[in-house]
Each structure stands twice: as C-alpha cells, then as structure tokens.
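Sequential numbering from 3 applies to the first sequence in the numbering used here.
Worksheet for the structure shown next.
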Amino acid sequence: MARPFDVSAVEKKWQACWLDEGTYDVDNDDERERYYALCMYPYPSGPAHQGHIRNYTFGDLVVRYQTMRGKAVLSPFGFDSFGLPAENAAIKAGSHPRLFTEARMAELKSSVRRLGAAYDWRREVYSHDPNYMRWSQTFFLAFLEAGLAYRAEATVNWCPGCATVLANEQVLSDGTCERSGDLVQRRDLEQWFFKITDYAEELLNDIDTLEWPDRVKTMQRNWIGRSEGVEFDLALQGDHSRALRVFTTRPDTGFGVTYAVVAPEHPMLWDLVTDSERESVTGLVERASLASELERTASSDAGGGLDKRGAFTGSFVVNPFTQQSVPVYVADYVLGTYGTGAIMAVPAEDERDFAFATLHALPIVRTTQPPDGHGDGPYSGEGQHINSGFMDGMDVATAKIAATQYLEKNAHGVKKVNYRLRDWLVSRQRFWGCPIPVVYCDTHGIVAVPLDQLPIVAPDDVVMDKTGQSPLATHEGFRNTTCPICGGPARRETDTMDTFTDSSWYFLRYTDPFTSDRAFDPVEAAKWMPVDQYIGGIEHAILHLLYSRFYLKALVDIGVAPGLAREPFKRLFTQGMIRLDGSKMSKSKGNLIAPEEYYDTVGADGLRLFHLFVGPPADDVDWTDQTEEAIEGCARFLDRVYRLSHYDECFFHDEITLDDEEVRREVHRTIAKVTDGFERWSYNTCVAAIMELLNTISRWARRTEGAHRATLDESLDILLRLLAPMTPHVTAELWEERHPGEPGVHATTWPEADPTLVAHSSVVMVVQVNGKVRARLNVSPDITEADATAAALADADIVNFLKGATPSRVVARPPRLVNIVL
RNA sequence: GCCCGGGUGGCGGAAUGGCAGACGCGGAGGACUCAAAAUCCUUUGCUCGAGAGGGCGUGCGGGUUCGAGUCCCGCCCCGGGCACCA
C-alpha cells in the first residue's frame, strides 16, 4: 500500500537514534522510582515469529508507558541459548550447536531490533556464555553443599526421541514428551535431583501473594498437590510386631476398610506374599514393571476404572477400628512413589477402591450416609457417619478429628501432609547444556569442582550422536581428570543440566550483569527485584515459573541472594497464542508468519498496532485471510495521524467556540480512558479510543467554521503522547517535526486528564417505558431524581406514548435513565 | 470424570445490572479522477414497511429484577488444564 511517508526510513532513523544514544540504558544508581519490566527470554530458533512480536509489543508498551510515568525502567534482553533443537539441528547439518545457535541468535536479534522495542542492550545475557555458565555451575555446587542437590537412583522418565531423561514436569498427562511427542519410557537410573520438595509448602503458600492469572495459580497449586491426612499402621494378622503403614486423607471412613493394597514396588511385598499366591503376584508385578507409565495410569478411563489389575498376597491385616482381619492385595493402581506406597481401601467411599472391590468381589460397607437417590455407587461427599461405632452421627470434619485421635492412640497414627510434587530431575544426557561441575573419585566419591576452576566448558571436538549417553562421555580428554582432593585419577560428570536451570536465574543476572566476580551483587539485585511485570506465554505456567520461584527461595536461603524478596515475579501476564488454521503457530509445524515482510510495508508500528488492536491481550489470535486487511487498517490509521499532523488547510479562529471546547473535552476523556485501559491491560479498547479521538479531531479541523489553533496543537500533542508507547517511531517523528529542538515524545511525561474537562456539561438521558427506550433527553449531569422524573413525564413523545395511562411506578437513575413502568 | 475459561453482526471484537453491537475489517452507495489506485463522505444486526415507524435479537431452557450479554439454577457446544496422588 502507498504510504504518505517513508515508513522504513523513519523507523530506521529512530531505531538507530535509540541505540546510539542508549536512550533505554538504565543505570543501577538511577534515582527515579524503579520498575522492572521483563519478557521471558526467548529460545533462539531463528527470526522472530508473531508470538515474539506480540510478546515484545506488550512488553515495550509497558516499558515506554512506565518511563513516561517518570520511572527508571529496567528492560533487558537475552537468550535462553542452550537446548536440544540446536543440538539436533547441528547433528543433521554436521555443524556445531554453538555456531548454529549464535546464527539463530543474530537472526532473532535483528528482527527484534526492527520492532523498535526499547532495551538496555548492554545487559544482554545468554545461557551458553562461559561467563553465565560459571554462575549456573556455582549455584549447582551451592545447592550441593546445602543438601539441595543430590544424586540418587530412581525410576525416571526416559524420552527415546530426545535421548535423555526428563523432569516430571516435561511429561504430558498422556505419557508423552512435551517436546518430541514420543512415548516416555521408565528407566531406573542414577541421576541428579534438586530438592524442590523442601519448598513445597512455601511454594504453595506464596502463590496467594502473587498478582498472577488465576489460571496459572491454580495450575501450580494442582501441580504441588498438597493433601492432609494420617499415616498409621495396619498390624499384620498373626504377627502384631509387624505392620503395613498406610496413608489416608479419609481416616473417618476407617470402619469401611474391607481390604488393603500395596504397590507392586512396595518393599514389604515379598514378605506378605504366601507360597500359594507367589505365582500370580509374580505375574502381576512383572506386567506392572514392563508397562509404561502411560499404560499403567491411563487404563482406568472408559469403564469407570474397571480395569483394576491386582492379586491377593495371601496375607491379612487388622482393621484397627473394627478389629476384623482384611485381605492385602497388590495392585498397580497404587503408586509406589506416593505416600507410603500402600493404602487402606474403602470401596464405599472411593471410586477406585469401589471398582477394584467390585471386580474382586470384596465386601463394601458404607460409613457415610449419601443423599437420597444416590444409588449403590461410591460416595465421597458430605454426610452423617453410619456403621462407624464411636463416629456414628458425626459429620465428615468432626469424624476426621475423632478418627485421627483414635489412630494416634491405637495404631501409631501421625498426622501427615503429602505432596504430589516430586524432586526436580536435572541431569540430561545431552551435549548442548551447562555441564554439571562434579568429578567422581574412587577414593573420595562425588567431589565438587573447585570454584576457581569454573566454568567447566565442554570441548568442541565432540562426536554428537544420540546414543543415550551424554556425548561428553565418549570424549576421553574431557572425561578423564584428576581428583581435586587427592590428585588421583577421577572422571568428570558428563551429563549436562536441564536448560530450565539456566532460565531460573537469568532475571537476576540482568539486574547486575557488568560484574565479573560474582553472579550479581545482591544489593544491586535488590534494587530491581522482584520483577514488576513479567510477560510470557501460558506454556510456562508450571515449568519455568515454578522452577524460578524455587531457585530464588533457595538462593536467598543459602546466602547467594540475601535480602531479596522470596518471589521473583510480582505480576505476571500471560499473552494468548497465535493460531493458524486452529493450531498453535510453531517452527516445528512450519506455519510461522515472519514479521519481516510487514516491516517493509506497514512498518513495525503498523504491525505493533495490529497486535494491540486485534483483541484482548490474553486471548488467542487466529491468523486468517482477513488478518492482512486488519493490519493494513492499522497502517491506514497511522497514515491518517500523519496526514492530520501535516494538515495545513485548517482555517483558524481566535475565540474558543463551544465546538472547540467539546474537542478539548474529548481529548481529556480519551486520556482518562487510555490511562485506565493501560492499567487494565485493555489495549484494544485504548486503540479504539485513540481512533475515535482522531476521527473527532479530524472532522473538527476540516470544518469550514474553522478551529481554535491552541486547541488543535494541544489535541495533536496529546494524541501523539497517548500513542507513543504503542507506535514509537511515527510518534517520535511527528513530535520532532512539531517540537524541533525539544526533548522527544518518549521523554515527555504521560498526559494527565483534567477532571473538570472530563466531566460532561450535558448528558443524554434515556426514557424507557416498560424497559424499552421511547425518548432521549438532554439533561444536566447532576439532575436530581425528582427533576429527571418530571422531565421524563413531561416529554411530548412520552405523553403521546402513554396516552393518559397512569404509571404504576417510575424508576429514576439520574442522569442516565428513567424507566416508566405501567 | 474433575477444575478453569469462553459462546455477542459477514469477521476481529466493545459494553462496571441501565441506549447491545464502540472501534476496526469486509460490503454497498457517492465525491474526486480521462480512468484506476489512494483519499474523503454516506451507509451497513436481522426482519416487516413505500415511508413514518414497528417487531425480533448476545448458545438453549428457567429464575431474580422496574430493567439481564452482564447475577442465580439447569442444560448444550467449543477451548485449555488435570486425570488412579489414596
């Protein structure tokens, strides 16, 4: 489309200006009020796509708006530059992940620069920078020393496609890898873990203090999965010196326990199995251990959990409430990794137990009275206790307390809190990540690499193939080393750290990236932290956002970040996704729409305005056939702004007329609307309000009766300032034309609405009869209820409409509405 | 199955219990032009009507209210999250 000005030239000019002059560089000794605005640092996958553009457009609006509000705004940029895609691509192309990654970083940076977003580029960080790795490794060792990092053998998630283990958080609920989509396998391996479970309670409680979307908060609460209950003993029938320990959240249903179940991995299992049952139990356990997590957990779907595989162990335990002996089963619906790995089963009040009991013909005893009409199925809701001895008649909460006391006295019962959250598995058997800085010595075992030898950087001449072992393991020069303690032969850890460890602290490095003798100065970091506004995609709702919260808490506790607030991100905004043909836009789907083609036509400003205008920022955007036209519409609006600013046929008069006054009022009302919209993240309505203002000014300036010069100048100046955080280039250009030699539009302050002008001098009051609008009257905004009623009833149209009928009621809501009810 | 969102013109969307459809896209008509593009103006929920004007209308069915897109109850559909965690 033809533009009234050279968009590319204008945008290049201002981008160069901001960069050369370091307009958005901010120093740590800045005395203005501070504001830390941050977009999640990207994985460098190539040129920016529309998701990035959307993210950085919102971020830049916040940065420029808060700057105009007089704050010192920290706005850094960097790259989450370690990761599997680079390694896989490098294997394919016979290149090195670093070369590949740095080429992608350059591409992304170039397209981000052309967006014209304001960043302090001096603070740029990237994960694979040895200067950054040094501190990633230092933190690992600090965690190790504090007992927060440990090595253990465990059943872990192995992704065959990625040729590495994964954290629980990276496995989707259907048992596939969130990255490659491969079915994740279970393997018993010795791996490094971070003790995130130590922080489960605090991670859960502090969610309440965060200004985050409820959706994200709920997801994190569910992920942590706190449950309160009792752990107690079920004594073995015939040998009361031994017992099966179980966990339950419903001790009150104890009288309904008709059997018990242990997980196939339970350590006591083979003590319980009698000779006659050995064969069937062996078969069951073998099947369970071969089955993938998916098969084991997803089999309950359709038939309401009828597929409950299990076998009798041959042993019995005593129900401590009824003193009756009940059979012990082994079944794969009980998990070895949660609670005690064994449960008391109450079929009448638990769906899973009900399904199992039905299948295996076990007795079902109700202990809670279900509501009328509930039927024979399991019932786990509120109700009076029945068949429950001393708890009969109690409600669930009261019975829980009574049952807990009973178990404490009679069955070694202890109140217990369990979490679904597991420790964070951080080992990865891949090359392109931060090496774990420990060595293994035959004499001294696990030995930390001395801090002065950090960073441990992987050598370049490594054969990278996906063998299931870290590529570093085959590099003799890297692998073989000496023990820092005894100098004897030792071997290096060859696994690398999960890349989520890198992204768990980058926001701290941004606050003080200039120092080389430590990761950051806690005093400098404390000036900026916590991040005032964090912006990113919903896909990080659990992974990155939970890990970062854990990191900061741990870093504060171990003395790396003393004095910092314990939460990294005060406010979080999660933007919607861009969809093409209904599916998420992503490089792997090959459906990216690059911004470059728009930069040359509608400009970065046009594209930015589109992203702001298309809908609520939190909503997904469908990229359709009509999107091109919508983007052009945004560019057209900017052209109209440009033309109005250059309009030189205006006839001016000296007196301020009523029309001029009304324009001033519109201008100030728009200030109020846009300011409010900015605070509420309602950017689409802000754009609409500014468009309306332009229409008003434009029509008024073209009138033959003329316009008041000072009013036109004020109006245009305010319009440019309101628009400046959204479309920074064109507004900077027009402002410079209008105010040569003065500070630029981005250095001006955010306009303030004059309350006396925002108020309306007269308003339209609607008059309804039985809820339908029958007349409109111009009234004073402070009309009284009586006057409003009188005016409504006196109106000619209303009188005519009523035809003498007497209203039964008149509801007046001055000054907006009067409703006459017949 | 459970927990969140959401359902408004041809399309994206707006609307603190008070004029439904702001703003934009698209469409229609007009001005300018030799012509086109660009620009500017008018118009644009559906429907009945020549017109004035009327009726209907925010997924469906009820309810509360003088008044409901908005609040309550029960459904339907779409999207997302969780899913044997005892």
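C-beta: ideal position from N, C-alpha, C; glycine also.
- Item | N57, buried or exposed, once every other Cβ within 10 Å from all chains shown has been counted against 16 | So N57 counts as buried.
- Quick one: using the 10 Å Cβ neighbour count with 16 as the cut-off for buried, is N821 buried or exposed? buried
- Task: Mind checking which residues open and close the alpha helix (DSSP H) that includes I720?
- Result: It spans 711 to 725 - the alpha helix (DSSP H) in which I720 sits, taken as one unbroken run.
- Task: Can you tell me which of the three DSSP states Y600 falls into?
- Result: Correct three-state label for Y600: helix.
- Query: Which word fits N321, buried or exposed, when buried means at least 16 other C-beta atoms lie within 10 angstroms of its C-beta?
  - Reply: Per the 10 Å Cβ criterion, buried.
- Within the same chain, show all residues whose beta-carbon is closer than 7 Å to that of T729, passing over the 5 residues directly before and after it, in chain order. D607, R610, L611, L640
- With DSSP collapsed to three states, give me the class of G307. Low confidence applies here, because G307 scores a pLDDT of 37, under 50, leaving its location unreliable; read the following figure in that light. G307 falls in the coil class under three-state DSSP.
- Message: Can you check which of these residues, G80, P78, L101, V449, is closest to E89 by C-alpha distance?
- Response: L101
- From the DSSP output, which residues share a beta bridge with A39? Q535
- How many Å lie between D534 and A95 at the Cα? One Cα belongs to D534, the other to A95, and the distance between them is close to 42 Å.
- Can the beta-carbon of R432 be found closer than 8 Å to that of N170? no
- Would you mind working out which of W194, V167, A202, I198 sits nearest V186, comparing C-alpha positions? V167
- If you follow the beta strand (DSSP E) that I403 is part of, which residue opens it and which one closes it? Here I403 belongs to no beta strand (DSSP E); instead the alpha helix (DSSP H) covers 398 to 412.
- Message: As an exercise, report each continuous alpha helix (DSSP H) stretch of at least 4 residues that is fully enclosed by the segment 201 to 272, in chain order.
- Response: Contiguous alpha helix (DSSP H) elements confined to the segment 201 to 272 occur at 202 to 207, 216 to 226, taking only those with 4 or more residues.
- Task: Look up M466 in the DSSP assignment and say whether it is helix, strand or coil.
- Result: coil
- Query: Under 8 Å between the Cβ atoms of H670 and D559?
  - Reply: Against a cut-off of 8 Å, the Cβ pair of D559 and H670 comes out as no contact.
- With a threshold of 16 other CB atoms inside 10 Å of the CB of S810, please say whether the residue is buried or exposed. Label assigned to S810: exposed.
- Task: Quick one: grab the DSSP three-state call for F653.
- Result: coil
- Task: For F502, count neighbouring C-beta atoms within 10 Å of its own C-beta (all shown protein chains included) and say buried if the count is 16 or more, exposed if not.
- Result: buried
- Query: How big is the Cα-Cα spacing for Q386 and F356?
  - Reply: 20 Å
- Message: I'd like the span of the beta strand (DSSP E) that includes D662, first residue to last.
- Response: Where D662 is concerned, there is no enclosing beta strand (DSSP E), although the alpha helix (DSSP H) it sits in stretches over 660 to 681.
- Query: Between the C-alpha atoms of T786 and A814, what's the straight-line distance to the nearest angstrom?
  - Reply: 9 Å
- Return the CA-CA distance between T250 and Y201, expressed in angstroms with no decimal places. 22 Å
- Query: Is it right to say V823 is buried, meaning 16 or more other beta carbons lie within 10 angstroms of its own, or is it exposed?
  - Reply: Looking at its Cβ environment, which holds fewer than 16 other Cβ atoms inside 10 Å, V823 is exposed.
- Task: State buried or exposed for N482, treating a residue as buried only when at least 16 other CB atoms are found within 10 Å of its CB.
- Result: exposed
- Item | Length of the line joining the Cα atoms of A304 and Q172 | Residue placement at A304 is flagged as unreliable, the pLDDT there being 32, under the threshold of 50; the coordinate-derived value follows with that caveat. For A304 and Q172, the distance between alpha carbons rounds to 26 Å.
- Query: Leaving out the 5 sequence neighbours to the left and right, which residues in its chain are closer than 7 Å to E267 when beta-carbon positions are compared?
  - Reply: G338, G343
- Would you mind sorting I699 into buried or exposed? The rule is 16 or more other CB atoms within 10 Å of its CB. buried
- Task: Kindly identify the DSSP beta-bridge partner or partners of M2.
- Result: Here the chain covers residues 3 to 824 and nothing more, so residue 2 does not appear.
- Thinking C-alpha only, which one of K805, E664, E744, T791 is nearest S2? In this structure the chain extends from 3 to 824, so residue 2 is not present and cannot be described.
- Item | Residue nearest to T445 in terms of C-alpha spacing, selected from S278, C488, G435, R551 | C488
- Query: Is the CB-CB distance between T260 and I366 below 8 Å?
  - Reply: yes
- Message: Assuming the contact rule is C-beta atoms closer than 8 Å, R223 and L206 should be a hit. Round their C-beta distance to whole Å, please.
- Response: 6 Å
- Query: Going by C-alpha distance, which of A151, G149, R153, L174 is nearest W160?
  - Reply: L174
- Report buried or exposed for G118, applying the criterion of at least 16 other Cβ atoms within 10 angstroms of its Cβ. buried
- Query: So, are the CB atoms of D514 and N133 less than 8 Å apart?
  - Reply: no
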